[in-house]
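A.B. asks: Provided herewith is a single structure, encoded as structure tokens, for subsequent inquiry.
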Ligand code: MN
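In the working numbering, the protein residues as written are 17 to 358.
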């Protein structure tokens with residue numbers, strides 16, 4: 017069995033709110049990833065089986081490979097249907113907020129959520145939750161919201177209501193947020209839960225293919241180009257940098273998600289412990305950083321790129337040209353060798 021980590025009082029409160037709500041709206045974050053979509057769909061499958069009227073609303077579209085998840089076609093994209101999004105908030109008796117820690121993470125839905133009079137439950141694994149809700153179930157030590165949701169469903173005595181479809185969606189969330197169980201994956205109970213989901217009929221092989229083994233030709237060429245032509249390695253700083261300009265992205269018909277995971281690639285090189293990727297957006301340079309070991313990329317991002325995140329995964333922005341951003345980064349390496357690499 018798995019350990020009980022969710023506070024009993026929160027379980028009771030959540031149960032009471034779910035019991036009395038007929039209309040439940042599930043909301044998740046911008047650029048919904050496999051954990052956002054997976055946990056939302058899993059919750060929807062289970063709550064629907066209890067006879068609830070359930071809708072899922074996300075601010076904008078999600079990656080094509082997630083459309084394979086059962087029920088994904090029913091998800092309402094607020095940017096396409098803004099009026100419908102408003103009506104969903106109006107009629108909801110309960111809003112279940114999944115996989116985000118503050119209203120700014122849901123973009124255009126922020127105001128609707130804040131103005132919504134319905135009860136709210138937050139289930140999330142990001143640091144420092146800052147959201148008005150009746151129940152806040154926040155566990156940053158959990159590898160995925162879908163994993164935390166599984167635990168919550170068990171505590172709500174809904175284990176038996178997790179069917180094959182819900183199991184598939186929970187496993188998709190867990191696989192997404194752990195890079196297919198390759199990071200944030202030291203918690204042995206992850207595998208207990210994974211085994212339970214597979215027993216319920218989750219198809220891990222299909223998820224491996226759909227989530228990790230499928231890539232468009234343009235995306236493959238863009239990533240190959242980025243590594244071949246644009247990767248700088250700084251052995252003296254155990255670091256690497258990849259930059260991509262708007263022109264370069266356009267040349268490969270970049271679509272959202274095409275550079276997902278690119279920042280991790282240099283970490284495969286022996287001796288590289290710290291990697292940065294900069295992508296030129298219309299309004300700024302988007303920076304993401306990853307590290308292995310105790311190199312604190314969250315500090316680099318908060319001190320230099322107006323961002324933040326976790327010890328080994330963080331992001332931020334730079335306002336200026338891509339060349340300036342790259343030069344700024346090289347100087348950070350030179351000036352802070354002792355500070356970060358101790
Ligand atoms: Mn997540």
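C-beta: ideal position from N, C-alpha, C; glycine also.
Taking 7 Å as the cut-off, is the CB of residue 155 close to at least one heavy atom of the ligand MN?
C.D. replies: In the chain shown, residue 155 corresponds to position 139, counting from 1. The answer is no for residue 155.
A.B. asks: If you check the beta carbons only, do residue 294 and residue 341 fall under 8 Å apart?
C.D. replies: Working through the chain shown from its first residue, we reach residue 294 at position 278. Working through the chain shown from its first residue, we reach residue 341 at position 325. Going by C-beta atoms, residue 294 is nearer than 8 Å to residue 341.
A.B. asks: Starting from the N-terminal side, write out each stretch of the alpha helix (DSSP H) that is 4 residues or longer and does not extend beyond the segment 75-150.
C.D. replies: 98-107, 126-131
A.B. asks: May I have the straight-line CA-CA distance separating residue 29 from residue 139, to the nearest angstrom?
C.D. replies: The sequence position of residue 29 within the chain shown is 13, counting from 1. The sequence position of residue 139 within the chain shown is 123, counting from 1. Straight-line Cα distance between these residues: approximately 13 Å.
A.B. asks: What whole-angstrom Cβ distance do residue 147 and residue 119 have, given they're in contact under 8 Å?
C.D. replies: To locate residue 147, count along the chain shown from 1; it is residue 131. To locate residue 119, count along the chain shown from 1; it is residue 103. That belief holds up - the Cβ atoms of residue 147 and residue 119 are roughly 6 Å apart, short of 8 Å.
A.B. asks: Could you tell me which whole alpha helix (DSSP H) segments of length 4 or greater appear in the segment 237-321?
C.D. replies: 262-267, 313-320
A.B. asks: What three-state label does DSSP hand residue 67 in the structure shown?
C.D. replies: By 1-based counting over the chain shown, the position of residue 67 is 51. Reduced to three states, the DSSP call for residue 67 is coil.
A.B. asks: Is residue 333 helix, strand or coil by DSSP?
C.D. replies: Here residue 333 refers to the residue found at position 317 when the chain shown is read from its first residue. If DSSP states are grouped into helix, strand and coil, residue 333 belongs with the strands.
A.B. asks: If residue 379 sits next to residue 33, beta carbons under 8 Å apart, how far is it from one beta carbon to the other, in whole angstroms?
C.D. replies: The structure shown does not extend to residue 379, since the chain spans only 17 to 358, so no value can be given for it.
A.B. asks: Got a sec? Which residues, its chain only, sit under 7 Å from residue 217 by beta carbon, not counting five neighbours each side?
C.D. replies: Taking the chain shown and counting its residues from 1, one reaches residue 217 at position 201. Correct list, in chain order: 180, 183.
A.B. asks: Can you tell me which residues form a DSSP beta bridge with residue 154?
C.D. replies: In the chain shown, counting from the first residue as 1, residue 154 sits at position 138. The partner list for residue 154 (beta bridge, DSSP) reads 140.
A.B. asks: In the DSSP assignment, the alpha helix (DSSP H) including residue 231 goes from what residue to what residue?
C.D. replies: Counted from its first residue, the chain shown places residue 231 at position 215. Per DSSP, residue 231 belongs to no alpha helix (DSSP H) and is neither H nor E.
A.B. asks: If I measure Cβ to Cβ from residue 100 and keep anything under 7 Å in the same chain, skipping five residues before and after, which residues do I get?
C.D. replies: One-based indexing of the chain shown puts residue 100 at position 84. Contacts found: 92.
A.B. asks: For the ligand MN, enumerate in chain order all residues having a CB closer than 6 Å to any of its heavy atoms.
C.D. replies: 51, 115, 141, 160, 161, 193
A.B. asks: Counting pairs of beta carbons, one from the segment 252-268 and one from the segment 228-241, are three or more of them closer than 8 Å?
C.D. replies: yes
A.B. asks: Are residue 162 and residue 54 closer than 8 Å when you measure CB to CB?
C.D. replies: Looking up residue 162 in the chain shown gives position 146. Looking up residue 54 in the chain shown gives position 38. Yes.
A.B. asks: When the Cα of residue 265 is compared with those of 285, 277, 242, which residue comes out closest?
C.D. replies: One-based indexing of the chain shown puts residue 265 at position 249. Per the Cα distances, 242.
A.B. asks: Give the DSSP-derived three-state secondary structure of residue 186 in the structure shown.
C.D. replies: The residue labelled residue 186 in the question sits at position 170 within the chain shown. Residue 186 falls in the helix class under three-state DSSP.
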